[in-house]
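Under my numbering, the first residue of the sequence shown carries the number 133, and numbering increases by one thereafter. Yeah, the Cβ is synthetic: ideal placement off N, Cα and C, and Gly gets one too. Keep in mind it's a predicted model, so treat the numbers as computed, not measured. Notes follow the structure.
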Amino acid sequence: MIKIIGDNLPNIPWENKPAHSQAPIWRYSKNPIVGRNPVENVARVFNSALLPYNGEFIGVFRGETNTGIPYLYLGRSKDGIKITFDRLPIKVGDGNGGKVSFEYAYDPRLVEIEGVFYIVYCTSNHGPTVGMIKTTDFKYFEKLESPFLPFNRNGVLFPRKIDGEYVLLSRPSDSSHTKFGDIFLSRSKDMVYWGKHRHVMEAGYEWWCNTKIGAGANPIETSEGWLLFFHGVTTTCNGFVYSMGAALLDLNNPEKVLYRSANFLLSPEADYEVSGFTPNVVFPCSALSDAQTGRIAIYYGGADTVTSLAFTTVEEVISYIKKYAR
Ligand code: BMA
133 MIKIIGDNLP NIPWENKPAH SQAPIWRYSK NPIVGRNPVE NVARVFNSAL
183 LPYNGEFIGV FRGETNTGIP YLYLGRSKDG IKITFDRLPI KVGDGNGGKV
233 SFEYAYDPRL VEIEGVFYIV YCTSNHGPTV GMIKTTDFKY FEKLESPFLP
283 FNRNGVLFPR KIDGEYVLLS RPSDSSHTKF GDIFLSRSKD MVYWGKHRHV
333 MEAGYEWWCN TKIGAGANPI ETSEGWLLFF HGVTTTCNGF VYSMGAALLD
383 LNNPEKVLYR SANFLLSPEA DYEVSGFTPN VVFPCSALSD AQTGRIAIYY
433 GGADTVTSLA FTTVEEVISY IKKYAR
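As structure tokens, this is what we get:
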């Protein structure tokens with residue numbers, strides 16, 4: 133039996149697989165869970181992340197303001213589905229009483245490591261790159277050093293140290309709508325200096341992810357390896373199409389890919405994925421898991437417009453990855 137190595141989460145959002153479905157991942161029947169204009173001055177919320185917190189859920193959300201510029205918003209939820217947002221973006225300090233301002237901030241991932249919550253997101257440091265913020269109470273947020281020079285995006289931290297080091301996935305990019313990109317891994321002992329950079333996965337020979345790929349949700353530890361949901365992009369005559377893929381990485385040497393599904397697991401099909409601000413985008417940024425039942429709930433952005441949920445189980449998704457591994 134394939135197992136999740138981690139905490140139980142009895143109140144994980146959940147819906148059983150529809151009887152007719154053959155897919156390894158199924159959409160929540162009441163998607164999207166966040167529609168347009170969810171809070172004053174925010175036109176769209178998508179590409180966001182939630183975690184369990186004090187028996188409920190807390191999240192960091194990409195809020196596209198009515199200026200068109202994205203910032204990070206805090207949201208709370210009792211059930212992981214109905215979310216209440218703060219009216220203003222998260223205020224961030226420099227750790228010394230000063231304030232930090234952002235040109236923009238988007239695509240946050242949220243992870244807890246040893247009681248500290250880290251927000252990993254994309255921001256500007258004279259060009260887009262990965263930014264890092266920490267908090268222990270969701271009241272005071274402290275900006276940490278940027279792990280990388282520009283240009284880089286899609287930073288995703290592993291939820292625990294491996295061999296005493298923090299491990300961060302990322303995707304070196306360009307200054308615009310990057311037309312290339314593989315997933316790399318870097319290590320740090322202190323969250324300041326990052327090194328030992330390793331290549332993990334290349335944009336596929338498979339057509340659905342042949343332009344670029346980027347890590348999606350924080351990896352989930354399982355008895356078979358780290359389960360990584362990522363996005364893969366193909367280029368059509370009408371632009372990019374973003375789908376969701378999955379792979380299993382070695383528990384001790386996560387730069388080693390054990391299995392990678394040649395098939396996508398979710399590709400834009402639903403109305404809220406194929407139409408919106410950026411049509412044809414499925415973009416995962418976080419996943420909750422329940423060790424006891426093996427249930428997994430994945431949060432993803434639809435068409436850069438809405439936030440949606442999809443479900444699977446560890447048994448189902450890992451069997452699928454192995455069955456369709458190249
Ligand atoms: C990427 C990021 C994501 C977005 C995607 C599709 O480059 O900007 O936030 O969802 O493009 O537009």
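Taking the C-beta atoms as reference points, T255 is found nearer than 8 Å to F234.
With 16 or more neighbouring CB atoms inside 10 Å of its own CB, C341 falls in the buried class.
Annotated three-state conformation of D306 is coil, per DSSP. In the three-state reduction of the DSSP assignment, V324 falls in the coil class, being assigned neither a helical nor a strand state. For W339, no pairing in a beta bridge is given by DSSP. In the three-state reduction of the DSSP assignment, E447 falls in the helix class. Secondary-structure assignment with DSSP links K266 through a beta bridge to Y250, E274. E334 carries a coil assignment under DSSP once its states are collapsed to helix, strand and coil.
For K223, same chain residues with a beta-carbon under 8 Å away, outside a window of 5 residues either side, are K231, F273 in chain order. Below 8 Å, enough C-beta pairs join the region 440-451 and the region 163-171 to call them touching: three or more. Each of I294, F372, D306 was checked against the Cα of L317, and the nearest Cα belongs to I294. When DSSP states are grouped into helix, strand and coil, I352 belongs to the strand group. In this structure, D239 has its beta carbon less than 7 Å from a heavy atom of the ligand BMA. Unbroken alpha helix (DSSP H) stretches of 4 residues or longer found wholly inside the region 396-442: 403-406, given in chain order.
Between the region 353-366 and the region 137-157, the count of C-beta pairs closer than 8 Å reaches three or more; the two stretches touch. The DSSP-derived three-state label of I315 is strand. Counting the other CB atoms within 10 Å of its CB gives A335 a total of 16 or more, which places it among the buried residues. The distance from the Cβ of A181 to that of Y432 is about 10 Å, inconsistent with a contact at the 8 Å cut-off.
Our two residues, E447 and M133, have alpha carbons roughly 7 Å apart in a direct line. Beta-bridge partners assigned by DSSP to W158: F443. DSSP, reduced to helix, strand and coil, places Y452 within a helical segment of the structure shown. In this structure, Y374 sits away from V406, with a CB-CB distance that is not shorter than 8 Å. For S375, the beta-bridge partners assigned by DSSP are G364. When DSSP states are grouped into helix, strand and coil, D295 belongs to the coil group. Scanning T425, K344, H329, R319 for the CA closest to the CA of D306 turns up K344. Between V252 and G287, the gap from beta carbon to beta carbon is short of 8 Å. By the CB criterion at 8 Å, R303 and E387 fall outside the cutoff.
Scanning the region 193-238 for uninterrupted beta strand (DSSP E) segments of 3 residues or longer gives 202-209, 215-217, listed from N- to C-terminal end.
Counting along the chain, the unbroken beta strand (DSSP E) around V288 starts and ends at 284-289. Per DSSP, the beta bridge partners of F178 are R194.
For S393, the closest alpha carbon among the candidates K149, P156, I144 is that of P156.
Not one heavy atom of the ligand BMA lies closer than 7 Å to the C-beta of T368. Proximity of the beta carbon of F415 to the ligand BMA is indicated: a heavy atom of the ligand is located closer than 7 Å. Distance from the Cα of N198 is smallest, within the candidate group F189, I213, I215, L220, for L220.
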